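Chains as they are written, first to last, in my numbering: chain A, 12 to 279; chain B, 12 to 279; chain C, 12 to 279; chain D, 12 to 279. Backbone N, C-alpha and C fix where the C-beta goes; we use that ideal spot for every residue, glycine too. Since the structure is predicted, the reported quantities are computational estimates derived from the model, not experimental observations. Remarks on the structure that follows.
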């Protein structure tokens, strides 16, 4: 911390926010996130990064990354039939709550063209029938190198490991349960059958293993024996919107670090 | 509903609270709970129950039960090393929040005699070594016919199916996770490893299958990557106390019905 | 309860839901809400209502009302600059979550015509300058007899007592604080200044006295010293949307009774 | 940050936790809390503090304070009739959750001697009749210079400004409402009358002005029209225990800074 903050201060930067986490005070892995402002940073990028690499990162054997606020992340949103998460993200983006650019919306249904069009975002209908392989191929063509983040905003198709690997961009999924409970299909029905008293939603990075990637955010709402599966779905939609939006915002603001299949979320 | 409320009204009762639930408005199972006051009820118990059975319950093929507020339920509390749930229930009972009588505390540790003694409740130390079978036998001797409810207030031994059957009383357990996530031992460690953002506690009726009985109540607290397993345990203790106390209170007030491994909890 | 359920059962109705509340078990005011299905109800409305009035309501001196599910309530939505509550209600309505008809959107800003138009709902721009009186007059022309419910979806003008009286329809407002804390203007700034650790939102029926009408629903989110007023506003928008939507849905489903400036909300 | 962390690192300390807050990134007040471990710190206290004052604090005009974990804070607990907060704090302290020493319990009621005695803590009965002035005088005699923190664990007497000033120790109070709503007496009755849908509790530093001091922590529970004032009180007791315990723990761990009648709580 002393080394990094010393370097930045000497470079003329004003550190506006800093957060740290150590997995163990004695000898654990140390994580740090600093935000700073620096006049004329654009012109000094290369010099600053090289100098930091040599004088700070190398001696301490740091893994590090500099993210520039001016490099806005390009997002693609994928959705299936339900549009609540999709519309919510588009609206938040229009409102200025999400610091990025929505470059495309893709759906396996031909339902959302008008809604998406009204936000000025290109809409691609990529059906998964007859061939899911072809659909993934077509989506890779649309996304590879075009998107810095892919958000599965209730996209109900399982993406192959091959797709995730070739995409070369992080993928955030919203799962409609409190993971690790109710992995896989139909979690509200399973929740109803188990008789839980709270239902949840979980935003996580998608990995090869279904619903097992690092959790970014979760939340729950109270329910009772009175709620049918349909009503759980309705209540759950509100949860899904909130939880996914928080996860996307934190990712876009570079607040999320992944370590050993867990996330470290630096709120400030 | 018309039949039951009509019968009670004609009997001179004042219905003070009523709640219903139907699993399906067309042809599902119908559940109802009514509270009423009736002058001189003690002397009319037998007559009233027989009359209800014949004129109302029989024609509608009801499963029914009359619980008398004056018949206070006898509770036994079982605990292991941790005393937070045990003390919390004793405090609440002394303060009049739990409408029953604590008739015994049993522990496999010899740690709580002073604490329990100050509440005027008998304390039984029943070690599970060398023989768990002997321990269960001894506990059955203490509990059979003596307790209308057994509360596992962080009792960390698994009770055998044989014990549960011979006990002939409902058993409420507090599990220190948001079931069905993290069944079995060490749920806080598992929660830490999975990186969940909320931890939970679940009060449920104990059944033969571990942590799979009907859920009475659940709640969660927010946590983050910063919390060690020890800290999750500390936070979790508050959850466990609250969730268990609510479940016990609802049971003692005859607010909980079990149907198909789920509970119907009538709050009013 | 016996009289009403008896009457309905004898009329051939199937009671699908029932809820009661008594302000005092001995001699308080008794409230009841029953849902029922009855074949051919449409043709028997008059006969049924008259018969109920004479044989049940009169002897018990009941205040009563029969609401027919087929009579969908007509809603008008009023909004100012912020559109988050407005859009959220329109989305929910289009998705079928709100059992009514949105008949008009009125705003004192000329900002939402495109958004509202895409839902097929008429949009009226009624500026409050130069004359607020004229604006109210114009709105009364649009709403009187046309709307069964008026929702102030972040409409930031104070409506006069005269307007509320002549409107002859209930008005639901969303206030962006946990009432009764922070009545009036700028509640997020006041919350920041007082240093509260949770911010809230409150949906209530509008009455002559500002922010003092019967509360229908409230909820809160956790905040900290780190949140600026802008960030409180952003977090608060999510709260406002959720809380207002619940209140509107409950009202449309005739779940809300008002008694002595408080609400009784029958969830089932 | 660079200066402080540099100084500590050069002194041989291992910084185990650090948190910062700036009221405004450009020119606001900057707050920082660092935890560190340093071999042989006890013997170097004076030297280290002097060196820090001269080489770091003076040039940056810092307000600063070094707190030593080995200097355990002495707490006194004040309670009236209700014992739930008192017992909860004593139990947490015995359990090792509160890093301090409970040096005394004072009550204006003669009810808790046995309970408090079982924790090995001196109990002082200081009645406020006939003279509240005398009671404050007697309490000052017991507390002045003897307590580093005074906790009002449901102490229902208003302490005079003179008492607070002469005490020369911070005082944490638990108020049984969501401040600033329902200041003063009988908040649950006021909550019931206003018809709020959530009740709250607030832990704050006591100041001359009643219930207006800096808020440390707040939380809420959901309630409904069904809850009588008595039931709100019962539900509220759980809230009060949790909220007060968190506030006391944070204070004892030096996590709370006060600035302009607001708190900055550094969780880690």
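Would the beta-carbon of residue 260 of chain D fall within 8 Å of that of residue 109 of chain D? Translated into positions along the fourth chain, residue 260 of chain D becomes position 249. Translated into positions along the fourth chain, residue 109 of chain D becomes position 98. Closer than 8 Å, so yes.
Indicate the three-state DSSP secondary structure (helix, strand or coil) for residue 122 of chain C in the structure shown. To locate residue 122 of chain C, count along the third chain from 1; it is residue 111. Coil at residue 122 of chain C, not helix or strand.
Spatial neighbours of residue 200 of chain B within its chain, please: C-beta separation below 6 Å, excluding the five flanking residues on both sides. Taking the second chain and counting its residues from 1, one reaches residue 200 of chain B at position 189. 240.
Return helix, strand or coil for residue 98 of chain C, following the three-state DSSP convention. Within the third chain, numbered from 1, the residue matching residue 98 of chain C stands at position 87. The answer is helix: DSSP assigns residue 98 of chain C an H, G or I state.
Taking C-alpha atoms, which residue in D/158, D/181, D/230, D/218 lies nearest to residue 192 of chain D? Numbered from its first residue, the fourth chain carries residue 192 of chain D at position 181. Among D/158, D/181, D/230, D/218, the Cα nearest to that of residue 192 of chain D belongs to D/230.
For residue 225 of chain D, go through chain C and note every residue whose CB falls closer than 8 Å to its CB, in chain order. Taking the fourth chain and counting its residues from 1, the one referred to as residue 225 of chain D is at position 214. 206, listed in chain order.
Any residues in the region 89-121 of chain C with a beta carbon nearer than 8 Å to a beta carbon of chain A? Which ones, in chain order? 95, 98, 102, 106, 108
Who are the neighbours of residue 150 of chain B on chain G, taking C-beta pairs under 7 Å? Absence of chain G from the displayed structure is noted, the protein chains being A, B, C and D.
Among all the DSSP beta bridges, which residues are the ones paired with residue 303 of chain A? Any property of residue 303 of chain A remains undetermined from this structure, which presents chain A solely from 12 to 279.
As a quick exercise: from B/208, B/47, B/120, B/158, pick the residue whose alpha carbon is nearest that of residue 91 of chain B. Working through the second chain from its first residue, we reach residue 91 of chain B at position 80. It is B/120 whose Cα lies nearest to the Cα of residue 91 of chain B.
Hey, is residue 21 of chain D's beta-carbon within less than 8 Å of any beta-carbon in chain C? Counting from one through the fourth chain, the residue named residue 21 of chain D turns up at place 10. No, its Cβ sits nowhere closer than 8 Å to a Cβ of chain C.
Nearest residue (CA-CA) to residue 169 of chain C, options C/152, C/249, C/144, C/188: The residue labelled residue 169 of chain C in the question sits at position 158 within the third chain. Checked all of C/152, C/249, C/144, C/188; the closest Cα to residue 169 of chain C is C/144.
Contacts that residue 26 of chain D makes with chain A (C-beta to C-beta distance below 7 Å): Within the fourth chain, the letter at position 15 stands for residue 26 of chain D. Those are 12, listed as they occur along chain A.
The region 240-249 of chain C contacting the region 211-226 of chain D, beta-carbon criterion three pairs below 8 Å: no
Looking at C-alpha atoms only, which residue of B/242, B/26, B/127 is the closest neighbour of residue 48 of chain B? Within the second chain, residue 48 of chain B is the residue found at index 37, counting from 1. When each option's Cα is compared against that of residue 48 of chain B, the closest is B/26.
Taking 8 Å as the cut-off, decide whether the C-beta atoms of residue 276 of chain D and residue 212 of chain D are in contact. Sequence index remark: in the fourth chain, residue 276 of chain D carries index 265 (1-based). Sequence index remark: in the fourth chain, residue 212 of chain D carries index 201 (1-based). No; because the gap between Cβ atoms is not below 8 Å, this pair is not in contact.
Give a yes or no on whether 8 Å exceeds the smallest Cβ distance from residue 80 of chain C to chain A. As a first step, residue 80 of chain C must be located in the third chain, where it is residue number 69. With 8 Å as the cut-off, residue 80 of chain C does not count as an interface residue toward chain A.
Whole-angstrom distance between residue 267 of chain C and residue 84 of chain C, CA atom to CA atom: On the third chain, residue 84 of chain C is found 73 positions in, with the first residue counted as 1. On the third chain, residue 267 of chain C is found 256 positions in, with the first residue counted as 1. Rounded to the nearest angstrom, the two C-alpha atoms are 14 Å apart.
Measure from the C-beta of residue 249 of chain B to each C-beta in chain D and report whether the shortest distance is under 8 Å. For the purposes of this step, residue 249 of chain B is identified with residue 238 of the second chain, where counting begins at 1. Closer than 8 Å to some Cβ of chain D, the Cβ of residue 249 of chain B qualifies, so yes.
Among residues of its own chain, excluding the 5 on either side of residue 127 of chain B, which ones have a beta-carbon nearer than 6 Å to its beta-carbon? Locating residue 127 of chain B in the second chain gives position 116, counting from the first residue. Same-chain partners within the cutoff: 116, 134.
Have a look at A/39, A/132, A/125, A/24 and flag the residue whose alpha-carbon is nearest the alpha-carbon of residue 286 of chain A. The requested residue 286 of chain A is not part of the displayed model; chain A covers only 12 to 279.
What residues in its chain sit with their C-beta under 8 Å from that of residue 139 of chain B, if we drop five residues either side in the sequence? Counted from its first residue, the second chain places residue 139 of chain B at position 128. Once the five neighbours on either side are set aside, the close Cβ partners of residue 139 of chain B are 119, 146, 168.
Only counting the same chain, and skipping five residues up and downstream in sequence, which positions put a Cβ closer than 6 Å to that of residue 179 of chain D? Residue numbering aside, residue 179 of chain D sits at position 168 when the fourth chain is read from its first letter. Excluding positions up to five away in sequence, the list is empty.
Are residue 182 of chain A and residue 216 of chain A closer than 8 Å when you measure CB to CB? Taking the first chain and counting its residues from 1, one reaches residue 182 of chain A at position 171. Taking the first chain and counting its residues from 1, one reaches residue 216 of chain A at position 205. Their beta carbons are under 8 Å apart, which means residue 182 of chain A touches residue 216 of chain A by this criterion.
Give the list of continuous beta strand (DSSP E) stretches no shorter than 3 residues that lie fully inside the region 49-92 of chain A. 84-90
Spatial neighbours of residue 153 of chain B within its chain, please: C-beta separation below 8 Å, excluding the five flanking residues on both sides. Position 142 of the second chain holds residue 153 of chain B. Result list for residue 153 of chain B: 87, 115, 117, 135, 137, in chain order.
Out of curiosity, what's the CA-to-CA distance linking residue 124 of chain B and residue 122 of chain D? For the purposes of this step, residue 124 of chain B is taken as the residue at position 113 of the second chain. For the purposes of this step, residue 122 of chain D is taken as the residue at position 111 of the fourth chain. C-alpha separation (whole angstroms): 23 Å.
What residue does the beta strand (DSSP E) around residue 230 of chain A start on, and which one ends it? Indexing the first chain from 1 puts residue 230 of chain A at position 219. Taken as a continuous stretch (DSSP letters only), the beta strand (DSSP E) holding residue 230 of chain A covers 226-233.
Give the interface partners of residue 65 of chain B over in chain A, defined as CB-CB distance under 7 Å, in chain order. Along the second chain, one-based indexing puts residue 65 of chain B at 54. Ordered by position in chain A, no residue passes the 7 Å Cβ test against residue 65 of chain B, which lies about 30 Å from the chain.
Whose CA, out of D/209, D/68, D/16, D/69, lies closest to the CA of residue 188 of chain D? As a first step, residue 188 of chain D must be located in the fourth chain, where it is residue number 177. With distances taken between CA atoms, residue 188 of chain D lies nearest to D/209 out of D/209, D/68, D/16, D/69.
Is residue 202 of chain D helix, strand or coil when you go by DSSP? The count along the fourth chain starts at 1 and reaches residue 202 of chain D at position 191. Note: residue 202 of chain D maps to helix in three-state DSSP.
Within the region 144-210 of chain C, ranges of the alpha helix (DSSP H) (whole runs, at least 4 residues): 172-178, 198-205
Closer than 7 Å, Cβ to any Cβ of chain B: which residues of the region 185-210 of chain C, in chain order? none
Taking residue 13 of chain C and residue 16 of chain B to be in contact with their CB atoms under 8 Å, please state how far apart those CB atoms are, rounded to whole angstroms. Taking the third chain and counting its residues from 1, the one referred to as residue 13 of chain C is at position 2. Taking the second chain and counting its residues from 1, the one referred to as residue 16 of chain B is at position 5. That pair is a contact at about 4 Å.
Which of the three DSSP states is assigned to residue 27 of chain D in this structure? Here the question's residue 27 of chain D lines up with position 16 in the fourth chain. Residue state, collapsed to three classes: strand.
Please name the residue, chosen from D/106, D/28, D/38, that lies closest to residue 35 of chain A on a Cα-to-Cα basis. Translated into positions along the first chain, residue 35 of chain A becomes position 24. Checked all of D/106, D/28, D/38; the closest Cα to residue 35 of chain A is D/28.
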